[in-house]
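Reading through the structure tokens given below for one structure.
Number of protein chains: 2
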Amino acid sequence: MTRQPPPDEAAWLASYDPGRFPPFAVTVDMVLLTVRHGTFSVLLVERDTHPFRGDLALPGGFVLPDEDLDAAAVRRLERETGVRRDAAHVEQLGAFGAPDRDPRMRVVSVAYLVFAPDLEAPSPGEGTRSVSWFAVDEVDGVSLAFDHGQVLAAGVERARAKLEYTPLAAAFVGPEFTVGELRRVYEAVWGHPLDPRNFHRKVTGTPDFLVPVGHPAPVGPGGGRPAALFRRGPATALRPAMLRPS
Amino acid sequence: MTRQPPPDEAAWLASYDPGRFPPFAVTVDMVLLTVRHGTFSVLLVERDTHPFRGDLALPGGFVLPDEDLDAAAVRRLERETGVRRDAAHVEQLGAFGAPDRDPRMRVVSVAYLVFAPDLEAPSPGEGTRSVSWFAVDEVDGVSLAFDHGQVLAAGVERARAKLEYTPLAAAFVGPEFTVGELRRVYEAVWGHPLDPRNFHRKVTGTPDFLVPVGHPAPVGPGGGRPAALFRRGPATALRPAMLRPS
DNA sequence: AAGGTTGCTGTCGTCCTGACGAGAAGGAGC
DNA sequence: GCTCCTTCTCGTCAGGACGACAGCAACCTT
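Read top to bottom, the protein sequences are chains A and B.
First residue of the first sequence? That's 26 in my numbering, and the numbers climb one at a time after it.
First residue of the second sequence? That's 26 in my numbering, and the numbers climb one at a time after it.
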């Protein structure tokens with residue numbers, strides 16, 4: 026990956042400018058995931074500037090000189106999608122910094138992973154770029170701008186793994202939800218049907234995962250017995266985990 | 026965390042220098058963990074320059090302009106500790122970039138987590154800073170330079186969690202090892218004794234975790250039945266996980 | 001009233017785990 | 001050689017968790 030002979034930091038610093046440092050640009054990129062209409066989906070923008078003009082990319086942008094990384098991520102989230110920080114789960118995914126990932130300059134991108142409930146149409150943000158939802162499975166083969174394909178793949182795999190051992194699936198639904206809604210999140214993210222009865226036993230049997238809210242949910246289209254409503258409980262982990270079917 | 030009123034990226038870029046970008050320094054910091062003499066330990070250096078002169082810190086340094094992040098981490102690992110990349114497990118831990126984490130300039134640090142077998146005395150590297158092993162438990166209360174206390178805590182927690190659902194404990198021992206050696210790694214990292222018989226059943230019963238090497242290990246001090254030797258198998262995950270005792 | 005849909009409770013066998021017992025195979029001391 | 005000690009390895013047993021169902025409850029539509 027290195028475009029030069031074996032590097033030497035001390036030599037570089039001496040020849041460049043003693044007391045200074047190699048300059049980098051730092052950006053945040055958001056892997057914003059949701060489940061809409063039963064489909065595991067990611068928010069992508071279409072680039073309208075060089076490089077990768079016309080390609081799909083993850084939403085993101087520069088970190089400001091006095092801005093915390095997390096704050097930069099949340100700012101982008103609220104501004105470009107209208108998602109409130111406390112309505113979603115935000116965690117850092119990792120740093121991506123191959124020397125040639127951006128042809129303009131040396132950029133290190135700190136990727137963030139966001140689980141959000143199904144949103145209305147995302148607002149196109151301030152730029153002129155269009156922004157919309159794509160089914161994760163359909164984006165699988167498409168080549169994204171920069172190394173965003175890798176970043177997205179890492180985010181999707183992390184999301185699938187996190188549902189196994191955390192109660193974070195609740196971040197994909199509203200504040201009050203039924204066991205069935207929660208199960209459909211798992212099925213969409215994992216791409217595999219689950220047994221409703223065993224799922225019900227697992228989530229209701231895990232202490233502090235679900236807190237009953239008292240009143241039942243309204244009946245959906247097509248009828249069926251009204252489901253009990255729950256809120257997220259204080260649990261932070263599922264032990265033992267709910268393993269996805271091989 | 027922001028030292029200024031609500032920031033605006035477009036305004037900043039316009040007022041600063043259109044076409045340029047906010048300059049950052051990027052460093053790598055290593056959380057190098059091992060088990061020596063039955064104690065879960067981390068490699069720390071003593072700083073001999075401003076800032077935090079005299080404090081303990083994680084080893085690390087600048088990423089070069091054309092250097093990949095992973096390459097920078099491996100370069101530091103090999104140069105400052107003599108650990109060969111293929112003898113250890115290296116993974117990215119995450120990015121740490123609070124605006125005031127370094128008083129000299131804006132720095133984003135990409136932390137790496139390394140699991141290494143017990144090493145001889147680490148070579149002090151090229152600087153004049155002393156470098157040595159510290160028991161993780163003893164460093165717990167000590168205040169480290171920069172935000173390295175947070176970074177170390179994140180690395181330690183990740184290490185403890187990874188032993189639960191991966192076979193990475195084998196990265197802490199040599200290429201050939203006994204079940205007992207592996208168990209003592211778990212006990213040191215988790216700080217909790219494990220039942221030798223149940224542990225033996227779990228690790229030998231997990232497909233592709235251990236590959237028998239044929240001949241037995243030499244008898245250790247104090248006698249005892251010679252143990253069978255194993256190598257790491259091709260397994261990448263433990264399903265179901267081996268949960269640490271509450 | 002009949003049939004369809006969804007939610008909830010329960011049962012049964014299998015696998016996994018924690019808590020042991022007991023024998024195998026070595027060394028140290030007498 | 002014999003006894004004690006150590007560590008390793010194989011077994012046993014009870015309880016918990018999980019996959020694969022059956023069956024009933026509570027709503028809808030026709």
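Backbone N, C-alpha and C fix where the C-beta goes; we use that ideal spot for every residue, glycine too.
Bear in mind that the values here come from a model prediction, so they are computed numbers and not experimental data.
Among the options, nearest to residue i - alpha-carbon criterion
i: B:Phe171; options: B:Leu102, B:Thr191, B:Pro84; result: B:Pro84
i: B:Phe49; options: B:Val70, B:Ala113, B:Ser134, B:Leu81; result: B:Ser134
i: B:Ala98; options: B:Gly86, B:Pro90, B:Asp91; result: B:Gly86
i: B:Leu188; options: B:Phe202, B:Arg208, B:His173, B:Glu201; result: B:Arg208
i: B:Thr193; options: B:Gly205, B:Arg269, B:Ala178, B:Tyr211; result: Here residue 193 of chain B is Leu; the residue named in the question, Thr, does not match the sequence. Nearest of B:Gly205, B:Arg269, B:Ala178, B:Tyr211 to B:Leu193, Cα basis: B:Tyr211.
i: B:Pro221; options: B:Thr203, B:Leu235, B:Val236; result: B:Thr203
i: B:Pro275; options: B:Leu169, B:Trp215, B:Pro128; result: Nothing about residue 275 of chain B can be reported from this structure: the residues present for chain B run from 26 to 271 only.
i: B:Ala272; options: B:Pro232, B:His225, B:Thr191; result: Outside the shown range of chain B (26 to 271) lies residue 272 of chain B, about which nothing can therefore be said.
i: A:Ala195; options: A:Arg100, A:Leu177, A:Val156, A:Ala260; result: A:Ala260
i: A:Leu89; options: B:Gly122, B:Leu169, B:Asp127; result: B:Gly122
i: B:Thr74; options: B:Val161, B:Arg61, B:Ser155; result: B:Ser155
i: B:Lys227; options: B:Thr191, B:Glu145, B:Ser168, B:Leu169; result: B:Thr191
i: A:Ala141; options: A:Val238, A:Phe77, A:Leu268, A:Phe197; result: A:Phe197
i: A:Pro218; options: A:Pro243, A:Leu268, A:His240; result: A:Leu268
i: A:Leu94; options: B:Arg126, B:Leu94, B:Arg78; result: B:Arg126
Start and end residues, alpha helix (DSSP H) containing residue i
i: A:Pro221; result: 221 to 230
i: A:Gly180; result: 173 to 190
i: A:Val244; result: It is not in any alpha helix (DSSP H) - A:Val244 carries neither H nor E in the DSSP assignment.
i: A:Thr106; result: 94 to 106
i: B:Glu145; result: Looking at the DSSP string, B:Glu145 is not in any alpha helix (DSSP H), and its letter there is neither H nor E.
i: A:Val204; result: 204 to 215
i: A:Glu201; result: Unbroken run through A:Glu201: none, as it is neither H nor E.
Cβ neighbour criterion (16 or more within 10 Å) applied to residue i
i: B:Arg257; result: buried
i: A:Thr59; result: buried
i: B:Thr106; result: buried
i: B:Thr52; result: buried
i: A:Ser66; result: buried
i: A:Pro47; result: buried
i: B:Leu254; result: buried
i: A:Glu92; result: buried
i: B:Met55; result: buried
i: A:Pro124; result: buried
i: B:Gly248; result: exposed
i: A:Arg131; result: buried
i: B:Ala262; result: exposed
i: A:Glu206; result: buried
i: B:Arg109; result: exposed
i: B:Gly245; result: exposed
i: B:Val236; result: exposed
i: A:Arg72; result: buried
i: A:Arg100; result: buried
i: B:Asp165; result: exposed
i: B:Val70; result: buried
i: A:Arg264; result: exposed
Rounded Cβ spacing between residue i and residue j (contact assumed at less than 8 angstroms)
i: B:Leu57; j: B:Leu68; result: 4 angstroms
i: B:Ala120; j: A:Gln175; result: About 16 angstroms separates the two Cβ atoms, so there is no contact after all.
i: A:Gly180; j: A:Ala136; result: 7 angstroms
i: B:Ala112; j: B:Val139; result: About 10 angstroms; that fails the 8 angstroms criterion.
i: A:Thr64; j: A:Ala213; result: 6 angstroms
i: A:Arg61; j: A:Asp143; result: 5 angstroms
i: B:Ala266; j: A:Ala266; result: 6 angstroms
i: A:Val238; j: A:Glu201; result: 6 angstroms
Chain-ordered neighbours of residue i on chain A, where CB pairs are closer than 9 angstroms
i: B:Pro265; result: Pro265, Ala266, Leu268
First through last residue of the beta strand (DSSP E) which encompasses residue i
i: B:Leu89; result: Looking at the DSSP string, B:Leu89 is not in any beta strand (DSSP E), and its letter there is neither H nor E.
i: B:Asp54; result: 50 to 61
i: B:Arg257; result: 253 to 257
i: A:Val167; result: A:Val167 -> no beta strand (DSSP E), and no H or E assigned at all.
i: B:Ala113; result: Element bounds for B:Ala113: n/a, residue is neither H nor E.
i: B:Ser66; result: 64 to 71
i: A:Phe16; result: Lying outside 26 to 271, the shown extent of chain A, residue 16 of chain A is not represented and no answer is given.
i: A:Ala160; result: 156 to 160
Chain B contact residues for residue i, given Cβ-Cβ distances below 7 angstroms
i: A:Pro90; result: Pro47, Arg131
Interface partners of residue i on chain B, CB under 8 angstroms
i: A:Gly119; result: Gln117, Gly119, Ala120
i: A:Val135; result: Ala120, Gly122, Val133
Residues that residue i contacts on chain A, provided the C-beta gap is smaller than 8 angstroms
i: B:Ala50; result: Phe46, Pro47, Pro48, Phe49
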